[in-house]
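This report concerns only the one structure given below.
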Amino acid sequence: MEHPDIKQTVGRLLGPAQPEVSCDVCFDELDRYVELEVAGTDADSELPGLRAHLEGCPACREEHDSLLALVSGDDR
Amino acid sequence: MKVIAAATVPTVVDVRSPLTIAVDPESREWLESLKSSGARRDDAIARLHAILVRAARFEIARRRPGLPHLRGDDLDDIANEAADDALMSVLRRLDDFRGASRFTTWAYKFALLETAVKLRKRAWQGRELPLEPESWTLFASTGLQPDAAAEQGAVLAALQEAINDVLTPHQRRVLIALALNGVPIDVLADRLNTNRNALYKTLHDARRKLRKHLDEQQLSPDAWLEEK
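Written out as structure tokens, the structure reads:
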């Protein structure tokens, strides 16, 4: 059988295949990106490279997920 | 597993633009109040601090299952400290707010960041960071069909070779700590006296080197990685 973690390990080593923004740019644009997501707008077209960064940077991804959850709760 | 040739090596892009968006009325009220003086400003700062505390507590609640060692008092202290630090950041960067989101969304992210960083550091407080690369190995899957096993073995061998021979010692240390040993980037940045952005740049450069090495050998595991 295939080792369950090997894909995840290789994925973490190689990071995203697409061009990505830096952590600083991600933080600067995170509020805009999340509000576009909540509005159902194509956030990835508006802010290319941010999704790839979230795939490659666990810390930024956690903060994105928290902001999305917090703002989504505010909008309910 | 399909091993296909030549994936593009990713680059860093900057999507920031000097966009000017009409600020919504509620956000404008926040800005005007926080830039005013006297009782109006004091009231706005108190309201802002309250929503930052709320965001900090929200972040703590999300992470609570992973924080069994922290007591309620500790978590309250962390929430208040994170909100205090976030308040300072927001006030210092008020002129950076461009109206690309609601003001509260913009402010929340500072509280979430401060809280997350504090919790990551508390979780690793006193722990030795696994930075040394001597003892790591990429294990191939077992029981694959011979072709797939050979292809996967080629990728893993090339990766291991690249990590050992192509990366600088600093890149290797950062890659192994972050990508293999799960050290949080803020914790590692703290120990190495750098910051998240600089450390991620090191990780990004290391990853580019690994991808370039695989490309040169006509190996790319992206299709395999995307398979369910």
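Top line first, the protein sequences correspond to chains A and B.
Here the first sequence stands for residues 6 to 81, where the numbers follow my numbering.
Here the second sequence stands for residues 74 to 301, where the numbers follow my numbering.
A virtual CB, placed ideally from N, CA and C, is assigned to each residue, including glycine.
Bear in mind the structure is a predicted one, so any value in this text is a computation, not a measurement.
Residue i versus residue j - alpha carbon distance
| i | j | result |
| --- | --- | --- |
| E56(A) | G111(B) | Looking at the sequence itself, residue 56(A) is Arg, so the reference to Glu does not match. One C-alpha to the other measures close to 42 angstroms. |
| D33(A) | A173(B) | 10 angstroms |
| H69(A) | L75(A) | 10 angstroms |
| R135(B) | C28(A) | 22 angstroms |
| A230(B) | V15(A) | 12 angstroms |
| A227(B) | P257(B) | 30 angstroms |
| N270(B) | L18(A) | 18 angstroms |
| A252(B) | R280(B) | 10 angstroms |
| A152(B) | Y181(B) | 13 angstroms |
| N237(B) | N254(B) | 16 angstroms |
| L276(B) | G139(B) | 26 angstroms |
| I118(B) | Q23(A) | 41 angstroms |
| D10(A) | L298(B) | 11 angstroms |
| L72(A) | P141(B) | 23 angstroms |
| A223(B) | E300(B) | 18 angstroms |
| F176(B) | F170(B) | 8 angstroms |
| W179(B) | Q13(A) | 32 angstroms |
| K282(B) | A189(B) | 30 angstroms |
| L272(B) | L186(B) | 17 angstroms |
| R31(B) | L104(B) | Nothing can be reported for residue 31(B), as the shown portion of chain B is limited to 74 through 301. |
| P203(B) | G145(B) | 29 angstroms |
| L240(B) | R120(B) | 49 angstroms |
| S50(A) | D36(A) | 15 angstroms |
| P63(A) | E201(B) | 20 angstroms |
| N266(B) | H243(B) | 13 angstroms |
| I262(B) | R66(A) | Per the sequence shown, residue 262(B) should be read as Ala rather than Ile. A262(B) and R66(A): Cα-Cα distance of roughly 17 angstroms. |
| I133(B) | D220(B) | 47 angstroms |
| D288(B) | P53(A) | 24 angstroms |
| S106(B) | I124(B) | 15 angstroms |
| K274(B) | E25(A) | 11 angstroms |
| H122(B) | R165(B) | 14 angstroms |
| L292(B) | K285(B) | 10 angstroms |
| A48(A) | L192(B) | 29 angstroms |
| G199(B) | I249(B) | 20 angstroms |
| A196(B) | S77(A) | 28 angstroms |
| K194(B) | R264(B) | 10 angstroms |
| Q233(B) | E60(A) | 22 angstroms |
| V247(B) | A235(B) | 14 angstroms |
| A296(B) | R137(B) | 36 angstroms |
| D79(A) | G20(A) | 33 angstroms |
Segment limits, alpha helix (DSSP H) that includes residue i
| i | result |
| --- | --- |
| D10(A) | Premise fails: D10(A) is in no alpha helix (DSSP H) and is neither H nor E. |
| V43(A) | C28 to V43 |
| K191(B) | F176 to A196 |
| L298(B) | D295 to E299 |
| E105(B) | P98 to L107 |
| A119(B) | G111 to R136 |
| A95(B) | Run containing A95(B): none; DSSP gives neither H nor E here. |
| V163(B) | G145 to R165 |
- Runs of alpha helix (DSSP H) wholly within the stretch 243-289 of chain B (minimum 4 residues, chain order): Those alpha helix (DSSP H) runs which fall completely within the stretch 243-289 of chain B and span 4+ residues are 258-264 and 269-289.
- Every unbroken alpha helix (DSSP H) within the stretch 51-81 of chain A, with a cutoff of 4 residues, ordered by chain: List check, alpha helix (DSSP H) in window: 55-61 and 63-80.
- Any chance the stretch 119-137 of chain B sits against the stretch 148-160 of chain B, with 3 or more Cβ pairs inside 8 angstroms? Contact between the stretch 119-137 of chain B and the stretch 148-160 of chain B is present: 3 or more CB-CB pairs across the two stretches fall below 8 angstroms.
- Message: Check whether the stretch 39-59 of chain A and the stretch 99-106 of chain B touch, using three or more Cβ-Cβ pairs below 8 angstroms as the test.
- Response: Touching, no.
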